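Sequence positions in the sequence shown follow UniProt numbering and run 1 to 441. Built from N, CA and C at the ideal position, the CB exists for glycine as well. Given the structure is predicted, the values throughout are model-derived calculations rather than measurements.
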Amino acid sequence: MKIEHELTKPNEVVDPKHMKGYKYLVLGEGKINPQINNGPDYTPEIELPPGVVTLDKVWNCKERLLDPSIDTDNRLRDVCLSFAFFKLLKRRFFEYPAAEAQLEKTRQLVFDGLLSRNIDSIYRVIAMEIAFLRDFFYTRYPVTFALGVPVLHVLAILCTGKFSRSLNNTIGQYSLLENSNRFHLDCWSPVTCIPYSTWWWSPSKVAPNGMKKRKAVVLSPYVKGAIVGSLRSMSHYPTKGVASLRENKVYDDLAWTCTLKTEFHTLIVWHIATGLCEIQPVKNKGNKESVEPYHPVASHLSNYCAYLMVFLPDMLPESIFSLKLFFHKVLTETKEFFRGARNYEDKYNLMLKVGDSGNGVIDMGARLAKYLMEIPDDVRRWKIMADFWSEFIIFLAPCGKESEHLKNLESGGEFITHLWALLYHAGIVHDTATASSGHHP
1 MKIEHELTKP
11 NEVVDPKHMK
21 GYKYLVLGEG
31 KINPQINNGP
41 DYTPEIELPP
51 GVVTLDKVWN
61 CKERLLDPSI
71 DTDNRLRDVC
81 LSFAFFKLLK
91 RRFFEYPAAE
101 AQLEKTRQLV
111 FDGLLSRNID
121 SIYRVIAMEI
131 AFLRDFFYTR
141 YPVTFALGVP
151 VLHVLAILCT
161 GKFSRSLNNT
171 IGQYSLLENS
181 NRFHLDCWSP
191 VTCIPYSTWW
201 WSPSKVAPNG
211 MKKRKAVVLS
221 PYVKGAIVGS
231 LRSMSHYPTK
241 GVASLRENKV
251 YDDLAWTCTL
261 KTEFHTLIVW
271 HIATGLCEIQ
281 PVKNKGNKES
291 VEPYHPVASH
301 LSNYCAYLMV
311 FLPDMLPESI
321 FSLKLFFHKV
331 LTETKEFFRG
341 ARNYEDKYNL
351 MLKVGDSGNG
361 VIDMGARLAK
371 YLMEIPDDVR
381 RWKIMADFWS
391 EFIIFLAPCG
401 KESEHLKNLE
411 SGGEFITHLW
421 ALLYHAGIVH
431 DTATASSGHH
441 P
């Protein structure tokens, strides 16, 4: 891939919708015999023999199963696209760089090509790629991949659904407000505050106080569509929600939520505010049906981001130890803030009493909730929250450790892994902890 762009003729027009100019390898790379030029650079020179299958060849092929009268919706071609993506993503787990990340055509392939499709097609391509990746590491299929499995054989396996049945279609949920009365302060310290994934040694297998999961929810079309919408409107690198706040014309009032010390301060402040807004009854200018497209998006993504922070911190930026300390502090503040609250109504009333001087994350979350609740239009309020969370999870997605994504694939994988892979193919690759400036460097 380091010289893939050199295989394209200088005057060849790149067309990501029809894969013109994309010589991403599908099959046959073992047939390539690179030659080394003479000094001083000794750069490799590669010519692709006829037996090498690349994406542009697949899209140009009109024969057999790829005849337009048979592959009417490009599903079979998409299998080849997923397989090529899988080969690229596989490099990440062997510490090879994404040589194509800086090329404009790389970004175009995702933003002008893949994201121009319908939502189901977008997620199907990435899901098949993740299925290939899972099977490569955890099943017998690596043997057949290494031998150069024929395209038709791959198509037959994929069309039966054998690869993807074990992939999760749910997202985990965690609510800090629900857990605010479920822990004792003396159970937590910077030393004993251990993420869920590391308390495997507990004989009872009971979650520590304050770390009770909600039941996972099905990944809804609303959530999928909202995230694709955020991706399509993304101008460059993802931000901490800045673009969505500008789009909804509340940036001047809420910019402070995107400039907090770390992205996890931003996450918790918005998570608390979203949870408190769920307590408030719908006002006269809205009803349950009218907020339906936005409410599940905001609620499910808020709880999913919190779930990742608490239970799968290695899929996010920052070190585990930093997250331990931060989560301990948040739990402590939550207990103190809601001391004596017996139900959601009590918590709601406590929130209404918050002034403008407190600088704890609970105080800031309550202030944000009050601002949002003062918006008279229920639909607009929930749209602001839904748009924020759709953008924020994209901001978090490129930052996880490869080892954590791989480990979770064995049990079906996480939704954020799909976003991580999608952004990787757009050239958005993040190898270090996220900067606090509001965007990825």
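Determine the contact status of residue 222 and residue 296, defining contact as a CB-CB distance below 7 Å. In this structure, residue 296 lies closer than 7 Å to residue 222 by Cβ.
Are at least three pairs of beta-carbons, each pair with one atom in the region 15-31 and one in the region 49-57, less than 8 Å apart? Enough Cβ pairs lie closer than 8 Å, so yes.
Along the chain, where does the beta strand (DSSP E) containing residue 171 start, and where does it finish? Note, residue 171: beta strand (DSSP E), 170-173.
Pull up the distance between the alpha-carbon of residue 244 and that of residue 335, whole angstroms please. Distance from the CA atom of residue 244 to the CA atom of residue 335, rounded to whole angstroms, is 31 Å.
Hey, is the region 121-129 in contact with the region 77-94, meaning 3+ C-beta pairs nearer than 8 Å? Contact between the region 121-129 and the region 77-94 is present, with at least three C-beta pairs closer than 8 Å.
Tell me which same chain residues have a C-beta within less than 6 Å of the C-beta of residue 385, skipping the five on either side of it? Hits under 6 Å: 274 and 298.
My parser needs the alpha helix (DSSP H) runs of 4 or more residues fully inside the region 58-145; what are they? Taking only runs of at least 4 residues, the alpha helix (DSSP H) segments lying wholly in the region 58-145 are 75-90, 104-108 and 119-138.
Any chance you could list the alpha helix (DSSP H) runs of at least 4 consecutive residues sitting entirely within the region 207-285, in chain order? If we require 4 residues or more, the alpha helix (DSSP H) runs fully inside the region 207-285 come out as 221-232, 242-247, 251-254 and 263-279.
Stretch pair the region 252-266 + the region 408-426: three plus CB contacts closer than 8 Å: Judged by Cβ distances under 8 Å, the region 252-266 makes no contact with the region 408-426, as fewer than three pairs qualify.
Once DSSP output is grouped into helix, strand and coil, what is the label at residue 20? If DSSP states are grouped into helix, strand and coil, residue 20 belongs with the strands.
Residues in the same chain with beta-carbon distance under 7 Å from residue 316, minus the five sequence neighbours each way, listed in chain order, please. Sequence-distant partners of residue 316 (beyond 5 residues in either direction) whose C-beta falls short of 7 Å from its own C-beta, in its chain, are 308, 309, 396, 399 and 400.
Which stretch, first to last residue, makes up the beta strand (DSSP E) that contains residue 312? In the DSSP assignment, residue 312 falls outside any beta strand (DSSP E) and carries neither an H nor an E.
Less than 7 Å between the beta carbons of residue 224 and residue 119, yes or no? A contact, by the Cβ cut-off of 7 Å.
Residue burial classification, residue 313 (beta-carbon count within 10 angstroms, cutoff 16): By the 16-neighbour rule on beta-carbons within 10 angstroms, residue 313 is buried.
Ordered list of beta strand (DSSP E) runs contained in the region 317-373, each at least 3 residues: Note on the region 317-373: there is no whole beta strand (DSSP E) run with a minimum of 3 residues.
Which residues in the same chain as residue 364 place their Cβ atom closer than 7 Å to its Cβ, once the five residues preceding and following it in sequence are excluded? So the list reads 269, once near-sequence residues are dropped.
Under 7 Å between C-beta atoms of residue 402 and residue 408: Note that the C-beta distance between residue 402 and residue 408 is not below 7 Å.
Supposed close pair residue 329, residue 338 - CB separation, criterion 8 Å: The pair is not a contact, with the Cβ atoms about 15 Å apart (cut-off 8 Å).
Along the alpha helix (DSSP H) that carries residue 48, what are the first and last residues, could you check? First-last for residue 48: undefined, no H or E at that position.
Opposite residue 15 in the DSSP bridges: which residues? Checking the DSSP bridge columns, you'll see residue 15 partnered with 20.
Three-way DSSP call (helix, strand, coil) for residue 375 in this model: The three-state reading of DSSP puts residue 375 in coil, since its state is none of H, G, I, E or B.
Using three-state DSSP, classify residue 26 as helix, strand or coil. Strand.
Take the Cβ of residue 256 as the centre, count every other Cβ of all protein chains shown within 10 Å, and call the residue buried at 16 or more, exposed below. Exposure of residue 256 is indicated by the presence of fewer than 16 other C-beta atoms within 10 angstroms of its C-beta.
Using C-beta distances below 8 Å, list every residue in its chain close to residue 215, excluding the 5 sequence neighbours before and after it, in chain order. Take residue 215, set aside five residues on each side of it, and the residues of its chain with a beta-carbon closer than 8 Å to its own are 173, in chain order.
So, for residue 170: in the same chain, excluding its five sequence neighbours on each side, which residues have a beta-carbon less than 7 Å away from its beta-carbon? Excluding positions up to five away in sequence, the list reads 216, 217, 218 and 219.
Assumed close pair residue 249, residue 266 - CB separation to whole angstroms, cut-off 8 Å: Between residue 249 and residue 266 a beta carbon distance of about 19 Å is seen, past the 8 Å cut, so the two are scored as non-contacting.
So residue 404 is in the alpha helix (DSSP H); what residue range does that whole segment cover? From DSSP, the alpha helix (DSSP H) with residue 404 extends over 402-409.
Apart from the five residues just before and just after residue 134, which ones in its own chain have a Cβ nearer than 6 Å to its Cβ? In its chain, beyond the 5 residues on either side, 409 have a beta carbon closer than 6 Å to the beta carbon of residue 134.
Less than 7 Å between the C-beta atoms of residue 78 and residue 110, yes or no? For residue 78 and residue 110, no; Cβs fall outside 7 Å.
Per-residue DSSP class, three states only, for residue 384: Looking at residue 384 - three-state DSSP - the assignment turns out to be helix.
Using 7 Å as the threshold, is the C-beta distance between residue 382 and residue 251 below it? Contact flag unset, no.
Considering only the alpha carbon of each residue, which of 390, 366, 406 and 235 lies closest to residue 300? The option with the nearest alpha carbon to residue 300 is 390.
Quick check on the DSSP output: the alpha helix (DSSP H) that includes residue 422 runs from which residue to which? DSSP places residue 422 inside the alpha helix (DSSP H), whose first and last residues are 415-425.
So residue 179 is in the alpha helix (DSSP H); what residue range does that whole segment cover? Start and end: 176-179.
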